[in-house]
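**Q**
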Amino acid sequence: MNRSRVRFPEAARFVPHTREGWGTSAFTSAVDDGAVNDKETTMSDTIRWGILGTGWIAEMFVTDLKAVGLTVAAVGSRTQKSADAFAARFDIPRAHGSYEALAADPEVDVIYVATPHPMHAENALLAIANGKHVLVEKAFTLNAAEAARVAEAAADAGVAVMEAMWTRFLPHMVRIREIIAEGTLGDVRTVIAEHDQKLPSDPAHRINNPELGGGGLLDLAIYPVSFAIDILGIPTRVLASATMSDTGVDRQTALIFEHEGGRQSMSHSAIDAAGPVAGAIIGTEARIEIEPWWYNPTSFRVVTPDGEVLEHFEHPVVSRGMQYQAIELERVITAGETESPLLPVSESVAIMRVLDEVREQIGLRYPGE
Ligand SMILES: NC(=O)c1ccc[n+]([C@@H]2O[C@H](COP(=O)([O-])OP(=O)(O)OC[C@H]3O[C@@H](n4cnc5c(N)ncnc54)[C@H](OP(=O)(O)O)[C@@H]3O)[C@@H](O)[C@H]2O)c1
Numbered sequence: 001m002n003r004s005r006v007r008f009p010e011a012a013r014f015v016p017h018t019r020e021g022w023g024t025s026a027f028t029s030a031v032d033d034g035a036v037n038d039k040e041t042t043m044s045d046t047i048r049w050g051i052l053g054t055g056w057i058a059e060m061f062v063t064d065l066k067a068v069g070l071t072v073a074a075v076g077s078r079t080q081k082s083a084d085a086f087a088a089r090f091d092i093p094r095a096h097g098s099y100e101a102l103a104a105d106p107e108v109d110v111i112y113v114a115t116p117h118p119m120h121a122e123n124a125l126l127a128i129a130n131g132k133h134v135l136v137e138k139a140f141t142l143n144a145a146e147a148a149r150v151a152e153a154a155a156d157a158g159v160a161v162m163e164a165m166w167t168r169f170l171p172h173m174v175r176i177r178e179i180i181a182e183g184t185l186g187d188v189r190t191v192i193a194e195h196d197q198k199l200p201s202d203p204a205h206r207i208n209n210p211e212l213g214g215g216g217l218l219d220l221a222i223y224p225v226s227f228a229i230d231i232l233g234i235p236t237r238v239l240a241s242a243t244m245s246d247t248g249v250d251r252q253t254a255l256i257f258e259h260e261g262g263r264q265s266m267s268h269s270a271i272d273a274a275g276p277v278a279g280a281i282i283g284t285e286a287r288i289e290i291e292p293w294w295y296n297p298t299s300f301r302v303v304t305p306d307g308e309v310l311e312h313f314e315h316p317v318v319s320r321g322m323q324y325q326a327i328e329l330e331r332v333i334t335a336g337e338t339e340s341p342l343l344p345v346s347e348s349v350a351i352m353r354v355l356d357e358v359r360e361q362i363g364l365r366y367p368g369e
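Per my numbering, residue 1 is the first one in the sequence shown, and the count goes up by one each step.
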């Protein structure tokens with residue numbers, strides 16, 4: 001087991017922004033400052049979260065939920081000791097020494113799966129089998145076959161399921177989709193995004209370990225891949241090139257996707273070299289330049305081909321920003337729905353299919369597949 005607590009630098013980049021320029025939509029109004037800071041204004045019933053796994057991202061997620069007043073009712077770990085320590089640290093009332101006990105807890109409505117990718121499907125299926133709604137960390141699963149199994153099980157059980165691709169739910173992404181829908185960019189031709197980080201080189205760390213779904217693809221490339229698909233739709237053609245690490249996972253990957261209408265996206269990921277983490281959307285009438293890191297809470301500018309700035313979007317975000325996805329899933333559950341229109345489970349399955357195709361091209365198979 002890898003219990004490394006090395007912090008991924010993605011969180012360290014959080015910088016609060018001042019508000020300036022803000023669009024309206026059903027989603028933005030639901031997660032606007034006031035609502036985010038006072039959950040009771042958006043929800044009539046309390047939804048009780050259970051946290052499955054006590055690693056780094058679980059800590060970030062619980063911090064964000066608590067920062068905006070959401071209810072964390074229980075935590076489950078493979079060991080009672082870790083569950084107890086996590087519960088004590090975050091003042092969580094119930095601590096379970098197994099994932100099974102957490103899933104069976106009647107005081108829990110929705111489970112957040114925060115384990116390494118190869119465990120996502122098994123953990124999500126456990127939650128679903130116990131009638132719980134489920135939010136599954138990215139990448140949704142290890143491959144498309146697993147993703148389809150989770151989607152089918154959730155549909156059969158009538159519970160809500162969502163991939164925790166938190167970027168989709170952030171204020172800047174909500175406004176970006178509005179701007180595109182308003183036609184400001186003209187014909188959106190290209191999406192370019194990069195996600196290069198210098199991550200721990202320890203071969204046992206999950207990012208380098210094939211047994212834990214290591215490599216850049218499922219951890220880092222998943223962000224620009226999901227972003228390109230959000231803006232341009234599922235690719236009609238995938239071209240991939242990668243360099244492998246000594247441990248046999250993708251160290252560096254370049255992707256070119258063709259999308260409907262001759263549109264294109266390009267992305268790059270790396271696990272051993274830090275880039276600016278820049279992103280842009282280019283249209284015939286204007287482009288959107290997103291400030292690094294483009295997939296964290298950030299600002300952006302809408303710029304015409306001759307350099308005129310049409311809009312400078314900034315928005316303050318409480319804590320890291322992972323609460324937006326949780327608030328959206330709470331909305332889905334409260335409304336009696338089973339998925340979010342912002343990231344339906346069918347799209348998470350389709351994203352895993354694209355990643356399967358990439359892996360086929362670069363020759364990356366995980367143990368047991
Ligand atoms: N949204 C984001 O910004 C973001 C950022 C980083 C990571 N993530 C995602 O979150 C997931 C977890 O990443 P992480 O960085 O939090 O990992 P981590 O720190 O290694 O924590 C993973 C946790 O999973 C549990 N686990 C179950 N089986 C395990 C096994 N065989 N080996 C190791 N741990 C196991 C452990 O909890 P117990 O010991 O309590 O059972 C462990 O603490 C990944 O899918 C990753 O893609 C998301």
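C-beta: ideal position from N, C-alpha, C; glycine also.
(1) Quick one: does the C-beta of W49 sit closer than 7 Å to a heavy atom of ligand 1?
(2) How about I231 and I180: are their beta carbons less than 8 Å apart?
(3) Using the Cβ count rule (16 or more neighbours within 10 Å means buried), how would you classify E260?
(4) Can the beta-carbon of V113 be found closer than 8 Å to that of K132?
(5) What residue does the alpha helix (DSSP H) around W56 start on, and which one ends it?
(6) Along the alpha helix (DSSP H) that carries I176, what are the first and last residues, could you check?
(7) So, at 7 Å on beta carbons, what are the nonlocal neighbours of Y366 in its own chain, with the 5 sequence-adjacent residues on each side left out?
(8) Got a sec, what are the start and stop residues for the alpha helix (DSSP H) S348 sits in?
(9) Only counting the same chain, and skipping five residues up and downstream in sequence, which positions put a Cβ closer than 6 Å to that of P292?
(10) What's the gap between the Cα of L255 and the Cα of L239?
(11) Note down, in chain order, each residue of its chain lying with its Cβ closer than 6 Å to the Cβ of G186, except the 5 sequence neighbours on either side.
(12) Quick one: give me the first and last residue of the beta strand (DSSP E) that S265 is part of.
(13) Quick one: Cα of G76 to Cα of L102, how far?
(14) Could you tell me whether any non-hydrogen atom of ligand 1 is closer than 7 Å to the CB of H117?
(15) From which residue to which residue does the alpha helix (DSSP H) around Q252 run?
(16) Have a look at G50, A270, I288 and flag the residue whose alpha-carbon is nearest the alpha-carbon of G307.
(17) If distances are taken between C-alpha atoms only, which option among M322, A157, I207, V191 comes closest to T247?
(18) One question on the structure: do E357 and S340 come within less than 8 Å of each other, judged by their Cβ atoms?
(19) Give me, in chain order, the residues of the same chain whose beta-carbon lies closer than 8 Å to that of E194; leave out the 5 immediate sequence neighbours on both sides.
(20) Does the beta carbon of E137 fall short of 7 Å from some heavy atom of ligand 1?
(21) May I have the straight-line CA-CA distance separating S346 from A147, to the nearest angstrom?
(22) Using CA coordinates, which residue listed in S241, I234, L342, N123 is at the minimum distance from A326?
(23) What does L135 pair with, by DSSP beta-bridge criteria?
(24) Can you tell me whether E369 is buried or exposed, with buried defined as 16 or more other CB within 10 angstroms of its CB?
(25) Excluding the five sequence neighbours on either side, which residues of its own chain have a C-beta within less than 7 Å of the C-beta of E137, listed in chain order?
(26) Measuring alpha carbon to alpha carbon, tell me which residue in V318, R149, V309 is nearest T298.
(27) In whole angstroms, what separates the C-alpha of S348 from that of E337?
(28) Can you check whether the CB of A74 is closer than 8 Å to the CB of G50?
(29) From A83 to Q197, what distance separates their C-alpha atoms?
(30) Under the three-state reduction of DSSP, which class applies to L239: helix, strand or coil?
(31) H117 lies in the alpha helix (DSSP H); which residues open and close that run?
(32) Span of the beta strand (DSSP E) holding D105?
(33) State the DSSP-derived secondary structure class of T190, mapped to helix, strand or coil.
(34) Taking A278 as part of the beta strand (DSSP E), name the residues at either end of that continuous run.
(35) If you follow the alpha helix (DSSP H) that S144 is in, where does it begin and where does it stop?
(36) Which residue wins for smallest C-alpha separation from V62, given the options E360, F86, D45, V303?
**A** Concretely, from the data shown:
(1) For ligand 1, not one heavy atom lies less than 7 Å from the Cβ of W49.
(2) Yes, the Cβ-Cβ distance between I231 and I180 is below 8 Å.
(3) With fewer than 16 other CB atoms across the displayed protein chains lying within 10 angstroms of its CB, E260 is exposed.
(4) Result no, Cβ atoms of V113 and K132 do not sit closer than 8 Å.
(5) DSSP places W56 inside the alpha helix (DSSP H), whose first and last residues are 56-67.
(6) Per DSSP, I176 belongs to the alpha helix (DSSP H) from 171-182.
(7) Correct list, in chain order: P118, L142, P210, G213.
(8) Following the DSSP letters along the chain, one finds S348 inside the alpha helix (DSSP H) bounded by residues 345-362.
(9) Excluding sequence neighbours, P292 sits near P276, V277, A278.
(10) Our two residues, L255 and L239, have alpha carbons roughly 6 Å apart in a direct line.
(11) Answer for G186: G283, T284, E285, listed in chain order.
(12) Element bounds for S265: 263-270.
(13) Between G76 and L102, the C-alpha separation is close to 5 Å.
(14) It does: the Cβ of H117 is within 7 Å (strictly closer) of some heavy atom of ligand 1.
(15) Per DSSP, Q252 is not a residue of any alpha helix (DSSP H); the beta strand (DSSP E) it occupies stretches across 250-259.
(16) Among G50, A270, I288, the Cα nearest to that of G307 is on I288.
(17) Taking only the C-alpha atoms, the option nearest T247 is I207.
(18) No, Cβ-Cβ distance for E357 and S340 is not below 8 Å.
(19) For E194, same chain residues with a beta-carbon under 8 Å away, outside a window of 5 residues either side, are P224, S267, H268, S269, G275, P276, V277, A278, G279 in chain order.
(20) Yes, the beta carbon of E137 sits closer than 7 Å to at least one heavy atom of ligand 1.
(21) A147 has its alpha-carbon roughly 9 Å from the corresponding atom of S346.
(22) Ranking S241, I234, L342, N123 by CA distance to the CA of A326 puts L342 first.
(23) DSSP, once it has assigned bridges, lists Y112, M162 as partnering L135.
(24) So E369 counts as exposed.
(25) Hits under 7 Å: I57, V113, A114, H120, A164.
(26) Of V318, R149, V309, the smallest CA-CA separation from T298 is found for V318.
(27) Straight-line Cα distance between these residues: approximately 17 Å.
(28) Yes, Cβ-Cβ distance for G50 and A74 is below 8 Å.
(29) If you take the alpha carbons of A83 and Q197, they lie about 30 Å apart.
(30) Note: L239 maps to strand in three-state DSSP.
(31) From DSSP, the alpha helix (DSSP H) with H117 extends over 117-129.
(32) D105 -> no beta strand (DSSP E), and no H or E assigned at all.
(33) Residue state, collapsed to three classes: strand.
(34) Taken as a continuous stretch (DSSP letters only), A278 belongs to no beta strand (DSSP E), as it is neither H nor E.
(35) First, the residue type needs correcting, since residue 144 is Ala and not Ser in the sequence shown. Element bounds for A144: 144-157.
(36) Selection E360, F86, D45, V303 evaluated against V62 yields F86 as nearest (Cα-Cα).
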